[in-house]
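Note that this note's numbering has the sequence shown beginning at 434, numbered continuously upward.
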Amino acid sequence: MVAPIVHPEYEALKREVANLRDEVAHAMEGLNHLREAKPVLLALYRQKIGELELQCLEAKCRAEWFRRYVEQVRSMQAKTLPMDTAAIEDQLNTEMAGFWQKLQDMADENAKAQDVLSHLVPPEKVHAIRDLFRRIVKRLHPDVNPEVGDREHLLLRRAQEAYERSDLDELEAIADSLAGLSPEQAMPDAQTAVQQERDRLQKVFAGLLDKIEKLEAQSPYNLKDKLKDEAWIAEERVRLEKELKAWSQKVRLFEDQLKELLGDGYAQIRFGQN
434 MVAPIVHPEY
444 EALKREVANL
454 RDEVAHAMEG
464 LNHLREAKPV
474 LLALYRQKIG
484 ELELQCLEAK
494 CRAEWFRRYV
504 EQVRSMQAKT
514 LPMDTAAIED
524 QLNTEMAGFW
534 QKLQDMADEN
544 AKAQDVLSHL
554 VPPEKVHAIR
564 DLFRRIVKRL
574 HPDVNPEVGD
584 REHLLLRRAQ
594 EAYERSDLDE
604 LEAIADSLAG
614 LSPEQAMPDA
624 QTAVQQERDR
634 LQKVFAGLLD
644 KIEKLEAQSP
654 YNLKDKLKDE
664 AWIAEERVRL
674 EKELKAWSQK
684 VRLFEDQLKE
694 LLGDGYAQIR
704 FGQN
């Protein structure tokens with residue numbers, strides 16, 4: 434029996450489809466990894482720069498609080514109203530509720546950063562998790578393998594949840610279970626069908642690359658390289674130290690004005706939320 438002749442163009446198309454499936458699975462894993470990296474990047478930023486940012490924000494809050502206090506005292510004196518510092522402070526705390534919340538949120542982020550960085554997954558485990566997840570995605574994700582059924586969808590959901598938990602054991606169990614499923618993606622028989630599959634995968638791959646590019650341009654992903662650059666970190670700290678100095682000077686200026694306006698009554702004022 435004479436073996437069928439396979440056209441070289443058809444074989445090249447099949448290889449292209451197989452490579453595209455690999456690239457799509459790799460891009461999907463990369464997109465997931467990028468999203469999972471967000472809390473780590475934020476934590477690194479807070480660790481290296483966050484404390485100074487918090488000090489700057491606190492000084493800014495103090496400066497604004499004292500500035501408004503001075504305005505309120507001068508207004509009362511101009512109207513010859515009795516001085517009611519408690520009423521002034523209640524009003525200022527209402528006005529500055531957003532400042533206080535932002536200050537609290539930043540303090541919470543700094544505290545959370547330490548917890549995130551103290552529970553990082555070891556690099557060798559990260560590599561194993563990413564490799565397993567990529568293999569599972571290649572078999573189970575409908576964008577890579579349109580023929581998957583309900584069982585595969587459930588396994589993929591389990592794999593995605595395990596990936597988010599960095600659960601290597603669960604991913605290994607899922608990968609082992611794939612041996613009992615149908616073989617890896619079948620290649621279409623007709624050359625036209627292979628071309629259509631190639632075109633579909635190209636669109637999926639281009640869409641994934643576009644998503645990755647857009648994410649990498651956003652904060653905190655655009656800080657990834659900067660957080661490895663000690664020179665950039667040093668420049669940021671110098672900038673923040675100058676900003677802190679400027680706000681601290683304003684605090685002293687408004688505080689001195691308030692002391693002059695209130696005299697002995699200054700000792701009774703209560704900065705911040707009451």
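Cβ atoms here follow ideal geometry from the backbone N, Cα and C, with glycine treated the same way.
Looking at chain B, is there any beta carbon in it that lies within less than 8 Å of the beta carbon of residue i?
i, result
"Ile521", "Given the protein chain composition of this structure (a single chain), no chain B is represented."
Reducing DSSP to helix, strand and coil, say where residue i ends up.
i, result
"Phe532", "helix"
"Pro555", "coil"
"Arg448", "helix"
"Pro472", "helix"
"Lys481", "helix"
"Ser610", "helix"
"Val581", "coil"
"Ile521", "helix"
"Pro441", "helix"
"Ser599", "coil"
"Ala679", "helix"
"Ala664", "helix"
"Arg670", "helix"
"Ala590", "Rather than Ala, the amino acid found at residue 590 in this sequence is Arg. Reduced to three states, the DSSP call for Arg590 is helix."
"Met434", "Because Met434 carries a pLDDT of 43, less than 50, the predicted location of this residue cannot be relied on, and the following value inherits that uncertainty. The answer is coil: DSSP assigns Met434 none of H, G, I, E or B."
"Ser508", "helix"
"Asn707", "Any reading at Asn707 is ruled out, since the residue's pLDDT is 47, under 50, leaving its predicted position unreliable."
"Met516", "coil"
"His466", "helix"
Give me the Cβ distance between residue i and residue j, rounded to the nearest whole Å; I'm assuming they're in contact under 8 Å.
i, j, result
"Leu573", "Glu585", "5 Å"
"Arg567", "Ala458", "5 Å"
"Leu565", "Glu605", "6 Å"
"Ile607", "Arg591", "6 Å"
"Leu487", "Met539", "5 Å"
"Gly698", "Met516", "7 Å"
"Leu525", "Trp498", "6 Å"
"Leu485", "Arg685", "The pair is not a contact, with the Cβ atoms about 19 Å apart (cut-off 8 Å)."
"Leu474", "Lys657", "6 Å"
Quick one: is residue i buried, meaning 16 or more other Cβ sit within 10 Å of its Cβ, or exposed?
i, result
"Gln505", "buried"
"Leu553", "exposed"
"Gly483", "buried"
"Glu688", "buried"
"Ala700", "exposed"
"Lys481", "buried"
"Lys661", "exposed"
"Glu649", "exposed"
"Glu663", "exposed"
"Gln703", "Before going further, note that residue 703 is Arg rather than Gln in the sequence given. Arg703 should be labelled exposed."
"Ala445", "exposed"
"Glu693", "exposed"
"Ala667", "exposed"
"Ala519", "exposed"
"Ala476", "buried"
"Ala675", "Correcting the residue identity first, residue 675 is Lys in this sequence and not Ala. Exposed: under 16 other Cβ atoms inside 10 Å."
Just checking, does the stretch 559–578 make contact with the stretch 448–459 on the three C-beta pairs under 8 Å criterion? yes
Are the stretch 491–505 and the stretch 519–533 touching by the rule of at least three beta carbon pairs closer than 8 Å? yes
Is it a yes or a no for the stretch 600–608 touching the stretch 633–647, going by three-plus beta-carbon pairs under 8 Å? no
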